[in-house]
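Going by my numbering, the sequence shown opens with residue 19, and the numbers climb by one from there.
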Amino acid sequence: MQDVIVIGGSYAGMAAALQLLRARRKVLIIDAGERRNRFASHSHGFLGQDGVDPAVIHANARNQLTAYATLEWMEGRVIAASGRKDDFMVETAGGSQHRGRRLLFATGVRDELPAIPGLADRWGRSVYHCPYCHGYELNQGRIGVIGTGPMSVHQAQLLPEWGETTLFTNGVTPLDAGAEADLGRRGVTVERQPITGIEAEAEVVLTDGRRLNFAGLFTAPRCAPASDLAAKMGFRLIETPMGLQIATGEAKETDLAGVFACGDAARVPHSVSLAVGDGAWAGAQLHRSFVWPEG
Numbered sequence: 019m020q021d022v023i024v025i026g027g028s029y030a031g032m033a034a035a036l037q038l039l040r041a042r043r044k045v046l047i048i049d050a051g052e053r054r055n056r057f058a059s060h061s062h063g064f065l066g067q068d069g070v071d072p073a074v075i076h077a078n079a080r081n082q083l084t085a086y087a088t089l090e091w092m093e094g095r096v097i098a099a100s101g102r103k104d105d106f107m108v109e110t111a112g113g114s115q116h117r118g119r120r121l122l123f124a125t126g127v128r129d130e131l132p133a134i135p136g137l138a139d140r141w142g143r144s145v146y147h148c149p150y151c152h153g154y155e156l157n158q159g160r161i162g163v164i165g166t167g168p169m170s171v172h173q174a175q176l177l178p179e180w181g182e183t184t185l186f187t188n189g190v191t192p193l194d195a196g197a198e199a200d201l202g203r204r205g206v207t208v209e210r211q212p213i214t215g216i217e218a219e220a221e222v223v224l225t226d227g228r229r230l231n232f233a234g235l236f237t238a239p240r241c242a243p244a245s246d247l248a249a250k251m252g253f254r255l256i257e258t259p260m261g262l263q264i265a266t267g268e269a270k271e272t273d274l275a276g277v278f279a280c281g282d283a284a285r286v287p288h289s290v291s292l293a294v295g296d297g298a299w300a301g302a303q304l305h306r307s308f309v310w311p312e313g
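(1) Enumerate in chain order the residues of its own chain whose CB-to-CB distance from Ser100 is below 6 Å, with the five nearest sequence positions on each side excluded.
(2) Taking contact to mean 3 or more Cβ pairs, one atom from each stretch, closer than 8 Å, check whether the stretch 68-88 and the stretch 115-131 are in contact.
(3) Answer yes or no: do Ala279 and Val127 have a C-beta to C-beta separation smaller than 7 Å?
(4) Quick check: is the beta carbon of Arg54 nearer than 7 Å to any beta carbon in chain C?
(5) What did DSSP end up calling Gly202 once you bin it into helix, strand or coil?
(6) Between which residues of its own chain and Leu156 is the CB-CB distance below 8 Å, once the five residues before and five after are set aside?
(7) Can you give, in chain order, each stretch of the beta strand (DSSP E) that sits fully within the stretch 32-73 and has at least 3 residues?
(8) Taking 8 Å as the cut-off, does the stretch 235-245 touch the stretch 168-175 (at least 3 CB pairs, one atom from each stretch)?
(9) Does DSSP put Leu122 in a helix, a strand or coil?
(10) Ala50 to Val96, Cα distance in whole Å?
(11) Identify, in the order they occur along the chain, each residue of the same chain with its Cβ nearer than 8 Å to the Cβ of Leu65, setting aside the five sequence neighbours on each side.
(12) Evaluate contact between the stretch 291-303 and the stretch 267-278, counting only Cβ atoms and requiring at least three cross-stretch pairs below 8 Å.
(13) Give me the residue from Ala293, Arg160, Gly159 with the minimum Cα distance to Ala124.
(14) Hey, would you say Leu121 sits closer than 7 Å to Val277, going by beta carbons?
(15) What residue range does the beta strand (DSSP E) around Cys148 cover?
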């Protein structure tokens, strides 16, 4: 019997586990090895790790966790979870079963990208979602925002801080007169011609044959928890401007007693540093749930 089974061993899950391990709790991390930022070669905006390969950050963190004797790490994918507080069971795709007193969902999210040829191939390399993570490296070059919905207007309002910006409405980003006037005041060009594809590094090809080159492109994907386990267990998902996330209280506990959630799957906005902070808080709250089980 583990004290806590952590489903997902990326930044939030490891940050939570660290707090628990330092309280000498038995922790099992089950990780499928699918970090959200696995496509990016550098991580930015994370204090002390700025510019470091995210794979290196992950490997260093995992190595630090293995120094704690009460950690067990398993490579695998959890496909089922059931039970109640103090007696949960999870099952992996490999058929193994594991019992734990608490569960922590740190599964991250999946990004539902625009169905534009060439975009997915450039995700995390020249197409991004977070200007704080990637804007500086564009060196104030031209920036394109590929519309996906109302959040794209927010991106286009923000991105002129990093370079001359063009918003591609692409038939899915509505603009009222007020929003268009605001974009104009910020120097944002609005392009309504639909996109047929992304080529080269960050070249947008339009249906009228024009090709517009940019230093980088941004888009606002819709997100949802990377695993459907939360839905299967029946606890609540809520809609945010960025998509679905697991509903939690201040202590990061879901509406199913004994099950907690943290990181991108349970908060917005998303970044490595915010995921680490959220995980650290969740780990501390998980520990408190043992100390004050009726709290």
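Don't be surprised by glycine CBs; every beta carbon is placed ideally from N, CA and C.
These numbers were taken from a predicted model, which means no experiment stands behind them.
Taking the geometry as given:
(1) Locating residue 100 in the sequence shown gives position 82, counting from the first residue. Same-chain partners within the cutoff: Met107.
(2) Segments in contact, no.
(3) Mapped onto the sequence shown, residue 279 falls at position 261. Mapped onto the sequence shown, residue 127 falls at position 109. Contact: no.
(4) In summary, chain C is missing from the structure at hand, where a single protein chain is found.
(5) Here the question's residue 202 lines up with position 184 in the sequence shown. Helix.
(6) Start at 1 with the first residue of the sequence shown, and residue 156 comes out as number 138. Contacts found: Trp180, Gly181, Ala233, Gly234.
(7) Taken in chain order, the complete beta strand (DSSP E) segments of 3 residues or longer contained in the stretch 32-73 are 45-49.
(8) yes
(9) Residue 122 sits at position 104 when you count from the first residue of the sequence shown. Three-state DSSP puts Leu122 in a strand.
(10) Numbered from 1 along the sequence shown, position 32 holds the residue referred to as residue 50. Numbered from 1 along the sequence shown, position 78 holds the residue referred to as residue 96. Roughly 8 Å separates the two Cα atoms.
(11) Here the question's residue 65 lines up with position 47 in the sequence shown. Only Ser291 meet the Cβ criterion.
(12) yes
(13) Here residue 124 is taken as the residue at index 106 of the sequence shown, counted from 1. Cα-wise, what sits closest to Ala124 is Ala293.
(14) What you label residue 121 is simply residue 103 of the sequence shown in a count that begins at 1. What you label residue 277 is simply residue 259 of the sequence shown in a count that begins at 1. Cβ atoms of Leu121 and Val277: closer than 7 Å.
(15) As a position in the sequence shown, residue 148 is number 130, starting the count at 1. Cys148 -> no beta strand (DSSP E), and no H or E assigned at all.
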